[in-house]
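Q: Structure in structure tokens, see below.
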Amino acid sequence: KMTQQMRDLQLAQARKPPGPSSPNAAKRLYRNLSGKFRVNYTSFDEGSLAGRGDKDKLRKSYLFQSNAALFEAVELQDLDRVQELLKQYSPEELDLNTPNSEGLLPLDIAIMTNNAPIAKALLQAGAKESPHFVSLESRSLHVSTLVREAEQRVNELTAQVVNEAPSADCSDKEKQLKAWEWRYRLYKRMKAGFEHARVPDAPTNVHLYVASSSSVQVTFWEPLSVNSAVVTKYKVEWSCSSTFSPVAGEAVVDKLKNLHYTIQGLTSGTAYYVRVSAYNMKGWGPPQASVPPFAIPSNWREYDGRAPRRRGQAEALDHLLSQVKTVHQHCVCHEPCKNQPQSRKHSVSKSLKHLFHPGSKFLKTLKRGLYLTAIFYKDDNILVTHEDQIPVVEIDDTYSCLLMQDFLWFTKVSCMWEEILWLRQCVTVSQSSCSCILQTRFKMLLAISQMQGLLGIQDLGQVFFEPVKDKQGNILIVTLKEVKTNQTFESVRWVPVCKLQSSRKSVSSPEEPTALDTLLISIQDKLAYHQRSSHALSPGLYLGYLKLCSAVDQIRVLVPEQLPNILCHVKIRSNPNVSREEWEWLQKMASMDEPVPAEPEAETSQNHLFQELQVAIKELMTLVNIPLQEAKDFRLYSQEVLDFGDQVSFLLLLPPSDDVCTAPGQNNPYTPRSGFLTLPLQIFELGEDR
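Residue 1 is where the sequence shown starts when you use UniProt numbering, and the numbers rise one by one after that.
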């Protein structure tokens, strides 16, 4: 019997002097004894450690102690200690789902004492209930046995303490008695918790969504009442019949961090009914049907059989680029190169020597002209030259062309850092035209090659959305790249950004700072912009606001500062898919001359979308500082849903036709609040593609 096992272990332990008598003495004694009681259930094998290293022995011993500590923390209802252990060790290291000598798991103790916070922490870590409890009867019998044996042991120890004369051995038995009394009370609480518990109520807020043409997703919340027992899992059932006869399938959800489940492999166009039920130690509660009661797997593209906009585009562009390269390799322009191999070799050799010529170095100061600077950063450090300067090379010291056109061309080149040599060859062939634009762009390619050669790296990163200018006529094109690995660079070293800003001696006045000083002052903002522009949206359906403004040489688009690679937006819901039924409803609304805000039928996906859109439009109008009464003049873009991969999609909210793009000199009636900026449209397109 278990009690005999424990008695044998206790007789073998060394005698100890009496401990201090205090209210916590029993708990401390129980903590000391609990490890000894559990040595039989652990996989710790002392004999197998004889030939292993001391480090391995120490670690296994330490993990064994952490397992015992977890049981102790759960039994003492110490939530902080439980969370600390779960954070410090993995479930495998803690033996989270290995029963102890009493046949219990930490989760069993937590749920039978109805300690919901600890039970939820254990469940989120992957804890399970004991496999011994295959039925209500087996659980009841097991707990009753633990109570009976603990009571018997308490009676035995009480008799021994009463009958024996005071001695060191008697004091030891008194400690054991206190520990067993504490354990007896614990088992009685567990038994009472089990007897008073009932099956849980049905889950609440069970919502059903169409996830794709072959799947639906159900989300749900905990029951309002768990009836004195923690819910440990949920069951999702689906059927083609509203009576669930027969049930087409079911799944158990035991990872309770996010209460949702996606049912895959369904037939498009078929209605599926879904219901969810909760489980606790007393069994399964009643099921709750979803709202709407059924869903039909579909996608908005099925409305008119439209193919994805970007299907095959990347492959087509790669094929087109390879064709262009092939044409340039065999074009007539390259014939002189073939007829004069020595001259060509000499030219290439000369250009390579130029990169290593003493004059081909980073610049310290700017003279009037166009320059390229590359900012590489890692955490709070930035790459600088040995003179503590940001790497800068000259593009053109006599620049006089249209900056915006050349700048936008440069941003496109930034998508082809590895093709710079080939692009230089192509532009060199066309230089005979003596075009100012071609000469400038050839110099840009030369400057890129020079920067790549000096740094020893091809990828210079992302181009900042606007050049840095000063009143002296200097223009800086800035590239930014975050270094996440231990990369080796040439001719540069790392320094903290704050140190660079504090140590640089400005050569300009505060009223008219040079482009380099301006760059250094604003470098934190540029690094923040670069980091934010690489952030991705969480999966879901979003409502975006399209607002443009035009200038003489460019069109700019309004974006949020916190996420400049996407339009101003609010989240409609976590499900990115728009079903065929929802899209049909949106098309119907768009075709009306005067859309009537009549709600669709209750408990349909269209009705849920209608309600979600109402909330999203109000939130978006507030975000961009537009009076809500003006929403009647806005319209939803009804040509397509904008899909960004499989997990993010957008519906667009458009201002009245005359206000979509603000012309030069035209007043914008609505000024967005702070936290927004306008990007050149081409820069925004490149950022969205990244």
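Quick reminder that beta carbons are idealized off the backbone N, C-alpha and C, glycines included.
If the criterion is Cβ atoms closer than 8 Å, does the pair P86 and L107 meet it?
A: Contrary to the premise, residue 86 reads as Leu rather than Pro in this sequence. Their beta carbons are not under 8 Å apart, which means L86 does not touch L107 by this criterion.
Q: If the criterion is Cβ atoms closer than 8 Å, does the pair L372 and I448 meet it?
A: It is a contact, given that the beta carbons lie within the stated cut-off.
Q: Cβ of T678 within 8 Å of Cβ of V557?
A: Contact: yes.
Q: Beta-carbon within less than 6 Å of G645's beta-carbon, same chain only, minus the 5 sequence neighbours each way: which residues are those?
A: none
Q: Quick check: what's the CA-CA separation for Q124 versus K257?
A: 6 Å
Q: Can you give me the Cβ contacts of Y637 inside the same chain, cut-off strictly under 6 Å, excluding the 5 residues immediately before and after it?
A: L652, L654
Q: Give the straight-line distance between the Cα atoms of Q472 and S522, rounded to the nearest whole angstrom.
A: 18 Å
Q: Based on the DSSP output, what are the partners of H569 in its beta bridges?
A: G544
Q: Helix, strand or coil for D517 per DSSP?
A: helix
Q: I need the straight-line Cα distance from W422 to V413, nearest angstrom please.
A: 12 Å
Q: If K233 sits next to V247, beta carbons under 8 Å apart, how far is it from one beta carbon to the other, in whole angstroms?
A: The Cβ separation is near 17 Å, so there is no contact.
Q: Throw me the rounded Cβ distance for the P287 and V276 pair, which I believe falls under 8 Å.
A: 6 Å
Q: L96 and G126 look like a contact to me (Cβ under 8 Å); what is the Cβ gap, rounded to whole Å?
A: 7 Å
Q: With contact counted as at least three CB pairs below 8 Å, one residue from each stretch, are the region 465-480 and the region 513-533 in contact?
A: A contact exists between the region 465-480 and the region 513-533.
Q: With burial defined as no fewer than 16 other Cβ atoms inside 10 Å of the residue's Cβ, what is the status of L320: buried or exposed?
A: Classification of L320: exposed, given that the 10 Å Cβ count is below 16.
Q: For the beta strand (DSSP E) containing F676, list its first residue and its last residue.
A: Per DSSP, the unbroken beta strand (DSSP E) holding F676 starts and ends at 676-680.
Q: Could you give the DSSP three-state label for Q13: helix, strand or coil?
A: With a pLDDT of only 42 at Q13, under 50, the local geometry of the prediction cannot be trusted, and the value read off the model is given with reservation. In this structure, Q13 counts as coil in the three-state DSSP scheme.
Q: Please check the pair L383 and F376, which I expect to be a contact at CB under 8 Å, by giving their CB distance rounded to whole angstroms.
A: 4 Å
Q: Any C-beta of chain C sitting closer than 8 Å to the C-beta of G675?
A: Of the protein chains in the structure, only one exists, and it is not chain C.
Q: Give, in chain order, every unbroken run of the beta strand (DSSP E) that is at least 3 residues long and sits entirely within the region 604-678.
A: 642-644, 648-654
Q: With a cut-off of 8 Å on the beta carbons, I'd call V478 and L519 a contact; round off their distance for me.
A: The Cβ separation is near 7 Å, so the contact holds.
Q: May I have the straight-line CA-CA distance separating V327 from V559, to the nearest angstrom?
A: 40 Å
Q: Determine the DSSP secondary structure at Y184, reduced to helix, strand or coil.
A: helix
Q: Please report how far the alpha carbon of M576 lies from the alpha carbon of A616, in whole angstroms.
A: The identity of residue 576 in the sequence shown is Pro, whereas the question assumes Met. If I take the Cα positions, the gap works out to 14 Å.
Q: Residue range of the beta strand (DSSP E) that Q288 falls in?
A: 288-295 is the extent of the beta strand (DSSP E) around Q288.
Q: When the Cα of N381 is compared with those of T411, Q501, Q88, G305, which residue comes out closest?
A: Q501
Q: Quick check on the burial criterion: 16 or more other C-beta atoms within 10 angstroms. Buried or exposed for N114?
A: buried
Q: Evaluate contact between the region 441-458 and the region 480-497, counting only Cβ atoms and requiring at least three cross-stretch pairs below 8 Å.
A: yes
Q: Is it buried or exposed for A278, if we count other Cβ within 10 angstroms and need 16 for buried?
A: The residue is buried, with at least 16 neighbouring Cβ atoms inside 10 Å.
Q: Tell me the rounded alpha-carbon separation between A374 and Q524.
A: 14 Å
Q: Here's a check: name, in chain order, each residue in its chain whose Cβ is nearer than 6 Å to the Cβ of N67, leaving out the five neighbours to either side.
A: Taken in chain order, the residues that qualify are L94, D95.
Q: Verify whether the separation of the beta carbon atoms of H569 and G544 is less than 8 Å.
A: In this structure, G544 lies closer than 8 Å to H569 by Cβ.
Q: Starting from A374, trace the beta strand (DSSP E) in both directions and tell me its first and last residue.
A: First-last of the beta strand (DSSP E) with A374: 369-378.
Q: Grab me the residues of L224's own chain with a C-beta within less than 7 Å of its C-beta, minus the 5 sequence neighbours each way, in chain order.
A: D201, T204
Q: If you draw a straight line from the alpha carbon of V392 to that of V497, how long is it in whole angstroms?
A: 17 Å
Q: If contacts are defined as beta-carbon pairs under 8 Å, then Y261 and A295 qualify, I think. What distance do you get, rounded to the angstrom?
A: Not quite, the Cβ-Cβ distance comes to about 13 Å (not below 8 Å), so this is no contact.
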